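This report refers to the structure that appears directly beneath it.
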């Protein structure tokens with residue numbers, strides 16, 4: 052049964068529906084893979100085996116009775132440790148919450164369970180999701196399945212590593228500065244940053260916060276769309292939630308791009324330094340896109356002000372969300388969190404007003420850009436997977452990194468635009484390290500981003516390349 056772990060979730064779902072595979076068998080294979088590989092990767096950090104086995108048995112009994120539990124019926128799923136799970140430890144990677152066991156699922160988890168997913172564990176995160184490298188004082192460091200001496204990215208690094216190694220069928224995540232896209236690029240899986248409101252968040256301290264979103268990850272674009280179809284849809288408790296139902300993401304995805312005009316930029320129009328091998332792989336997509344029927348041009352939206360927008364609203368968020376903890380238990384919070392909170396507390400009303408103006412101007416420039424093209428393809432991460440023992444890379448493309456955020460700019464400048472973006476595998480370096488691109492589309496055009504990514508995936512076949520460690 053070991054090979055079943057590396058199949059796509061959509062294929063697993065077909066086998067489950069046909070009766071060729073049971074939920075219990077798939078869960079057994081999943082837990083066996085976790086037992087074998089997780090000691091080396093540290094991607095799955097909490098496991099509820101008893102609860103998962105009970106859920107799998109119930110899924111099989113429902114199937115035998117002719118009842119479907121939903122689109123995820125019987126699929127094992129590990130939840131990001133930033134998302135509350137009823138009866139299962141949720142630590143946020145923080146010693147302050149090391150023994151925290153929520154009474155209720157948050158909305159995204161409740162929706163996945165309701166769709167039939169077998170929630171068996173949690174995936175590792177940086178402390179409070181701060182940073183695109185997954186380590187924390189509670190569980191330690193997550194390693195990359197393609198090169199265990201390298202970072203798996205973050206903050207959904209545990210999710211990406213678990214997916215790549217076949218330790219879960221699907222995984223949820225979240226993305227403020229690239230946390231769904233960066234680890235997808237590092238681990239050769241797919242991550243989709245949805246439009247704000249596409250996946251409503253509840254409960255939330257700030258219901259109007261749009262920089263951070265929740266979303267899906269999978270081994271393929273179709274898997275990712277499947278999970279998004281369950282996560283998405285309106286909710287009255289989330290005032291910015293979009294009315295469109297999640298079922299729109301069950302539509303077939305294209306394998307051709309005829310009639311589309313797609314821009315490509317390896318360095319976001321000269322705005323960011325990029326590793327040379329990353330840039331080369333981004334440029335390789337030009338020929339792939341043309342072969343798929345698209346018209347390809349060079350270009351990127353004018354991202355003036357995106358840096359200020361991202362850093363201002365991010366700092367404000369951290370001051371609001373963990374400021375009290377920094378005050379009350381400062382020794383239990385890492386220094387980068389202290390730094391983020393301090394930045395937020397120094398903001399003035401004028402700073403926030405200026406960032407709001409810049410965000411509005413950015414929105415209209417991006418809107419005008421997408422009136423001329425259907426999408427833009429960019430690096431999902433400027434950097435290659437780096438030494439896992441580092442907190443962050445000190446240089447990218449020969450340019451010194453200013454702080455622990457600066458190397459993530461290819462992702463977080465796009466976050467500031469609030470456009471949807473799908474990170475999809477695009478190639479490998481000479482050392483065998485994965486590299487992904489992000490397909491960015493206009494506001495709320497999530498299905499288009501997924502469709503273009505799907506066509507790229509089918510043309511290149513990179514998602515089929517499994518990491519050596521999953522074969523151990």
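In my numbering, the protein residues as written are 52 to 523.
No residue lacks a Cβ here, since even glycine has one placed at the ideal position from N, Cα and C.
Bear in mind that the values here come from a model prediction, so they are computed numbers and not experimental data.
The alpha helix (DSSP H) with residue i in it runs from where to where?
i, result
"residue 481", "Unbroken run through residue 481: none, as it is neither H nor E."
"residue 371", "357-379"
"residue 85", "74-92"
"residue 119", "Here residue 119 belongs to no alpha helix (DSSP H), and DSSP marks it neither H nor E."
"residue 392", "386-396"
"residue 328", "327-342"
"residue 272", "272-282"
"residue 65", "60-69"
By the DSSP assignment, the beta strand (DSSP E) with residue i in it spans what residues?
i, result
"residue 312", "312-315"
"residue 505", "No beta strand (DSSP E) holds residue 505; the alpha helix (DSSP H) holding it covers 497-511."
"residue 221", "221-226"
"residue 349", "346-349"
"residue 267", "264-269"
In whole angstroms, give me the CA-to-CA distance for residue i and residue j.
i, j, result
"residue 61", "residue 415", "38 angstroms"
"residue 303", "residue 339", "21 angstroms"
"residue 95", "residue 401", "43 angstroms"
"residue 156", "residue 473", "26 angstroms"
"residue 228", "residue 459", "7 angstroms"
"residue 524", "residue 281", "Lying outside 52 to 523, the shown extent of the chain, residue 524 is not represented and no answer is given."
"residue 432", "residue 466", "13 angstroms"
"residue 398", "residue 361", "13 angstroms"
"residue 80", "residue 102", "16 angstroms"
"residue 368", "residue 395", "7 angstroms"
"residue 440", "residue 323", "24 angstroms"
"residue 264", "residue 220", "21 angstroms"
"residue 290", "residue 343", "39 angstroms"
"residue 518", "residue 129", "19 angstroms"
"residue 308", "residue 511", "14 angstroms"
"residue 499", "residue 161", "27 angstroms"
"residue 530", "residue 203", "Lying before the first or after the last residue shown, residue 530 is absent from the chain, which here runs from 52 to 523."
"residue 335", "residue 411", "33 angstroms"
"residue 213", "residue 429", "25 angstroms"
"residue 443", "residue 455", "6 angstroms"
"residue 502", "residue 148", "39 angstroms"
"residue 163", "residue 449", "43 angstroms"
"residue 463", "residue 100", "36 angstroms"
"residue 261", "residue 453", "25 angstroms"
Quick one: residues in its chain with C-beta nearer than 7 angstroms to the C-beta of residue i, no 5 flanking neighbours on either side, listed in chain order?
i, result
"residue 74", "67, 107, 110, 111, 125 and 169"
"residue 177", "144, 184, 185, 186, 187, 205 and 206"
"residue 218", "81, 84, 85, 88, 89, 94 and 95"
"residue 137", "153, 154, 155 and 156"
"residue 376", "147 and 384"
"residue 363", "398, 402, 403 and 406"
Near residue i, what residues of its chain come up, given a Cβ to Cβ distance below 6 angstroms and the 5 sequence neighbours on each side ignored?
i, result
"residue 314", "348, 350, 424 and 427"
"residue 328", "480"
"residue 385", "178"
"residue 318", "325"
"residue 190", "96 and 175"
"residue 420", "352"
Within its chain, find whatever has a CB closer than 8 angstroms to the CB of residue i; leave out the 5 residues flanking it on each side and keep chain order.
i, result
"residue 359", "405, 406 and 409"
"residue 483", "197 and 198"
Considering only DSSP beta bridges, list what residue i is partnered with.
i, result
"residue 169", "127"
"residue 411", "Partner(s): none; residue 411 has no beta bridge."
"residue 244", "472"
"residue 97", "173"
"residue 139", "136"
What are the uninterrupted segments assigned as alpha helix (DSSP H) that are 4 or more residues long and contained completely in the stretch 421-487, given in chain order?
460-468
Along the chain, which unbroken stretches of the beta strand (DSSP E) at least 3 residues long are found entirely within the stretch 144-210?
169-174 and 198-202
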